[in-house]
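Peer 1: Let me begin by handing over the structure; questions about it come next.
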Amino acid sequence: MPPGLTPAASESQAKRLCPASPPPAAGDSVLPKMKRMRKITEIFAQRRRTLSFELFPPKTERGRQALFAAAEALAELRPDFFSVTYGAGGSTASGTLDIAVELQRRFGLPVLHHYTCIRHTRAAIRRALQVMASSDIRNILAMRGDPPRDQPEYTPGPDEPRLGRELIQIIREFGDLFAVGVPGFPEKHVNAPTKELDSLYLKIKQDDGAEFVITQFFFDNEDYFGYVRRVRDVGVTMPILPGILPITDYDKLVSFCRTCGATLSRSIRRALEPIRRDGQEVYARGIELLTRQCRDLLDRGAPGLHFFCLNRAEPVLTIVNGLRLTVR
Ligand SMILES: Cc1cc2nc3c(=O)[nH]c(=O)nc-3n(C[C@H](O)[C@H](O)[C@H](O)COP(=O)(O)OP(=O)(O)OC[C@H]3O[C@@H](n4cnc5c(N)ncnc54)[C@H](O)[C@@H]3O)c2cc1C
157 MPPGLTPAAS ESQAKRLCPA SPPPAAGDSV LPKMKRMRKI TEIFAQRRRT
207 LSFELFPPKT ERGRQALFAA AEALAELRPD FFSVTYGAGG STASGTLDIA
257 VELQRRFGLP VLHHYTCIRH TRAAIRRALQ VMASSDIRNI LAMRGDPPRD
307 QPEYTPGPDE PRLGRELIQI IREFGDLFAV GVPGFPEKHV NAPTKELDSL
357 YLKIKQDDGA EFVITQFFFD NEDYFGYVRR VRDVGVTMPI LPGILPITDY
407 DKLVSFCRTC GATLSRSIRR ALEPIRRDGQ EVYARGIELL TRQCRDLLDR
457 GAPGLHFFCL NRAEPVLTIV NGLRLTVR
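Reminder that position 68 of the sequence shown reads as 224 in the working numbering, one-by-one numbering, no gaps.
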C-alpha cells in the first residue's frame, strides 16, 4: 500500500478514482498531477540489454529491513528495474504494493508489480489496478497464478478469470497505462500439453497486449535459446528476458526445481551433488556456474538478465561483478 493508506482506505480511493465502470480510456489520466514512473517497455526501446532484480514481500519487519538493505546493495549495480512477487491467491496483495511503492520512492526506478488473477473477481482486479495506477505503478507481470496447494483442482467462479490472458485483457481496458509482461517457460508450462501449444498460448498473450516475457529459471541455456526460436517461429516478437536463479544451497535448489517444474541439468548435478553437504563449496561452485551461464546468455544475444534474488544481494553482486561488464 502507499504510505498511510490502509487496505480499506485504498479501496475507497479506488472507488473515488473509478466511481463507476468503465475504467479510464487509453490516455486518460488517473494521476493528474504526478510525474509518471517510466514503463519498462521504454527502457527496452533504449537499451541493448537490461539488468533487473526480483524481490519478494517479507512477512516481518526484520525481513523488510533485510529486503531494503539488499535493494540498497543491488542498486549499486544500476539496475533498470526491480520486480516484486505476489503471494499465491493474493496473500501478499498489500505487501506487494507497499514494497513496490517504497522501492520506486527510494530508488527512483520502475518496479514491475507481479499480479495473479486466480481467486480474484474481475471487479476486484479492476479495483486493484486502479489502486496500482494511483500509486504510480506502471508495470505489471500478469499471470494466472497457481491453484491453492490444498485445492489443486480449484475451479474459478463465474466472475473469475480462468487464464492469464484474461487478466491481460482486463489490464488493456486501461489502454496503455501499464506495460504488461508475462511469464515464459523454456521447458514449457508444467500443465501445457506440448511445447508447440505452449508457444501458441504465448503468441495469443502477445495478441492480447503482452509486451515482454520473463522466463522461469533454467540451467541449460539450450532450453532458453530453443524456447526463443520456438516462439519466434509462431510470431512472438516480444523481448524475452532470461530468469536467473543463483545457486546457494543444493537441497533448496532441488526443491525449487521440483516446485517450479525446472530441470536440474546433468552438469549442475555432476558439479554439485558430490559436495552437497559443504555449503561454502556449493556456494562458490554455484557462483562459478551461474557466472558462466550468464556470460553465455549475453554472448549469444539474450536481451538482459533478470535475477531471482530471494532478497539476498551477495550472490547476485558476485555474479554480476564477475561478468565484468556493463550489462547494457
Ligand atoms: C518470472 C515468473 C514470475 C512469477 N511470479 C509469480 C508471482 O509473483 N506469484 C505467483 O503466484 N506466481 C508467480 N509465477 C508462477 C505463475 O503464476 C505460474 O507458473 C502459473 O501456473 C502460470 O501462470 P500463467 O499466467 O502463465 O498461466 P496461464 O497462461 O493462464 O496458463 C495456465 C495453463 O493454461 C494453459 N493455457 C495458457 N493459455 C491458454 C489458452 N489460450 N488456451 C488454453 N490453455 C491455455 C497453459 O498451458 C497452462 O497449462 C511466476 C512465474 C514466472 C516464470
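Just so it is clear, CB atoms sit at the ideal spot from N, CA and C, and this is done for glycine as well.
All values reported here derive from a predicted model rather than from experimental measurement.
Please work out which residues of its chain come closer than 6 Å, Cβ to Cβ, to Arg312, disregarding the five sequence neighbours upstream and downstream, and give them in chain order.
Peer 2: Start at 1 with the first residue of the sequence shown, and residue 312 comes out as number 156. Correcting the residue identity first, residue 312 is Pro in this sequence and not Arg. Cβ neighbours of Pro312 beyond the five flanking positions: Arg318.
Peer 1: Check Gly264 in the structure and name its three-state DSSP category.
Peer 2: To locate residue 264, count along the sequence shown from 1; it is residue 108. Coil at Gly264, not helix or strand.
Peer 1: Within a Cβ cutoff of 7 Å, which residues of the same chain sit near Asp452, ignoring the five residues on either side of it in sequence?
Peer 2: On the sequence shown, position 296 is the one that residue 452 refers to. Hits under 7 Å: Asn377.
Peer 1: Measure the beta-carbon distance from Asp354 to Lys344 and round it to whole angstroms, keeping in mind my assumption that it falls under 8 Å.
Peer 2: On the sequence shown, position 198 is the one that residue 354 refers to. On the sequence shown, position 188 is the one that residue 344 refers to. Confirmed, about 4 Å.
Peer 1: So is Arg283 buried or exposed if we call it buried at 16+ other beta carbons inside 10 Å?
Peer 2: Here residue 283 corresponds to residue number 127 of the sequence shown, with the count starting at 1. Buried, because 16 or more other Cβ atoms sit within 10 Å of the Cβ of Arg283.
Peer 1: Would you check if the region 326-335 and the region 382-392 touch, i.e. whether three or more CB-CB distances between them fall below 8 Å?
Peer 2: Output reads no: the region 326-335 does not touch the region 382-392.
Peer 1: Kindly say whether Leu446, judged by its beta-carbon, lies nearer than 9 Å to any beta-carbon of chain D.
Peer 2: As a matter of chain content, chain D is missing from the structure shown, which is built from one protein chain.
Peer 1: With a floor of 4 residues, list each alpha helix (DSSP H) that falls wholly inside the region 402-475, ordered by position along the chain.
Peer 2: Whole alpha helix (DSSP H) segments, 4+ residues: 406-416, 422-428 and 435-455.
Peer 1: Keeping to the same chain, check which residues put their C-beta closer than 8 Å to that of Gly478; ignore five residues upstream and five downstream.
Peer 2: Start at 1 with the first residue of the sequence shown, and residue 478 comes out as number 322. Only Ile443 and Thr447 meet the Cβ criterion.
Peer 1: Taking the C-alpha atoms as reference points, what is the distance between Thr419 and Phe374?
Peer 2: Taking the first residue of the sequence shown as position 1, residue 419 is located at position 263. Taking the first residue of the sequence shown as position 1, residue 374 is located at position 218. So the two alpha carbons sit approximately 7 Å from each other.
Peer 1: By the three-class DSSP mapping on this structure, what secondary structure does Tyr271 have?
Peer 2: On the sequence shown, residue 271 is found 115 positions in, with the first residue counted as 1. Strand at Tyr271.
Peer 1: Going straight from the alpha carbon of Gly183 to that of Arg261, what length do you get?
Peer 2: Residue numbering aside, residue 183 sits at position 27 when the sequence shown is read from its first letter. Residue numbering aside, residue 261 sits at position 105 when the sequence shown is read from its first letter. Model confidence at Gly183 stands at a pLDDT of 46, short of 50, so the residue's coordinates are unreliable; what they give is reported in the following sentence. Between Gly183 and Arg261, the C-alpha separation is close to 24 Å.
Peer 1: Spatial neighbours of Gly391 within its chain, please: CB distance less than 7 Å, with the 5 preceding and 5 following residues excluded, ordered by chain position.
Peer 2: Translated into the one-based positions of the sequence shown, residue 391 becomes position 235. Excluding positions up to five away in sequence, the list reads Lys359.
Peer 1: Bridge partners for Leu211 per DSSP, in chain order?
Peer 2: Within the sequence shown, numbered from 1, the residue matching residue 211 stands at position 55. Per DSSP, Val240.
Peer 1: How would you label Glu232, buried or exposed, when you count the other beta carbons within 10 angstroms and need 16 or more for buried?
Peer 2: As a position in the sequence shown, residue 232 is number 76, starting the count at 1. Exposed, since its Cβ has fewer than 16 Cβ neighbours within 10 Å.
Peer 1: Which same chain residues, not among the five before or five after Ile475, have their C-beta less than 7 Å away from its C-beta?
Peer 2: The sequence position of residue 475 within the sequence shown is 319, counting from 1. Closer than 7 Å at Cβ, skipping near neighbours: Pro402, Ile443, Leu446, Thr447 and Cys450.
Peer 1: Is there contact between the region 237-249 and the region 207-216, where contact requires at least three CB pairs shorter than 8 Å?
Peer 2: In short, these stretches touch, since the Cβ pair count reaches three.
Peer 1: How long is the line joining the alpha carbons of Pro430 and Lys408, rounded to whole angstroms?
Peer 2: For the purposes of this step, residue 430 is identified with residue 274 of the sequence shown, where counting begins at 1. For the purposes of this step, residue 408 is identified with residue 252 of the sequence shown, where counting begins at 1. Each residue's alpha carbon lies about 15 Å from the other.
Peer 1: Run the proximity test for Lys215: is its beta-carbon closer than 8 Å to any non-hydrogen atom belonging to ligand 1?
Peer 2: In the sequence shown, the residue the question calls residue 215 occupies position 59. Every heavy atom of ligand 1 is 8 Å or more from the Cβ of Lys215, so no.
Peer 1: Taking the DSSP output, what are the residues bridged to Met299?
Peer 2: What you label residue 299 is simply residue 143 of the sequence shown in a count that begins at 1. DSSP, once it has assigned bridges, lists Thr272 as partnering Met299.
Peer 1: I need the straight-line Cα distance from Arg194 to Ile293, nearest angstrom please.
Peer 2: Working through the sequence shown from its first residue, we reach residue 194 at position 38. Working through the sequence shown from its first residue, we reach residue 293 at position 137. Taking the straight line from one Cα to the other gives about 9 Å.
Peer 1: Answer with buried or exposed for Val338, where buried requires no fewer than 16 other C-beta atoms within 10 angstroms of its C-beta.
Peer 2: Looking up residue 338 in the sequence shown gives position 182. Buried, because 16 or more other Cβ atoms sit within 10 Å of the Cβ of Val338.
Peer 1: Cβ of His276 within 8 Å of any heavy atom in ligand 1?
Peer 2: Start at 1 with the first residue of the sequence shown, and residue 276 comes out as number 120. His276: no, Cβ never under 8 Å from ligand 1.
Peer 1: Where does the unbroken alpha helix (DSSP H) through Ile324 begin, and where does it stop?
Peer 2: As a position in the sequence shown, residue 324 is number 168, starting the count at 1. Per DSSP, Ile324 belongs to the alpha helix (DSSP H) from Gly320 to Arg328.
Peer 1: Mind checking who Thr311 pairs with in its DSSP beta bridge?
Peer 2: Here residue 311 refers to the residue found at position 155 of the sequence shown. Note: Thr311 sits in no beta bridge, so no partner.
Peer 1: Does the Cβ of Ala371 lie closer than 8 Å to at least one heavy atom of ligand 1?
Peer 2: Your numbering for residue 371 matches position 215 in the sequence shown. For the record, residue 371 in the displayed sequence is Thr; it is not Ala. Yes, ligand 1 has a heavy atom inside 8 Å of this Cβ.
Peer 1: Taking the continuous alpha helix (DSSP H) assigned at Ala335, which residues delimit it?
Peer 2: The residue given as residue 335 occupies position 179 in the sequence shown. First-last for Ala335: Ala335 to Gly340, but that is the beta strand (DSSP E), not the alpha helix (DSSP H).
Peer 1: Tell me the rounded alpha-carbon separation between Ala227 and Asn467.
Peer 2: As a first step, residue 227 must be located in the sequence shown, where it is residue number 71. As a first step, residue 467 must be located in the sequence shown, where it is residue number 311. The straight-line gap from Cα to Cα measures roughly 8 Å.
Peer 1: Considering only their Cβ atoms, is the gap separating His269 from Met299 smaller than 9 Å?
Peer 2: Here residue 299 refers to the residue found at position 143 when the sequence shown is read from its first residue. Here residue 269 refers to the residue found at position 113 when the sequence shown is read from its first residue. Their beta carbons are not under 9 Å apart, which means Met299 does not touch His269 by this criterion.
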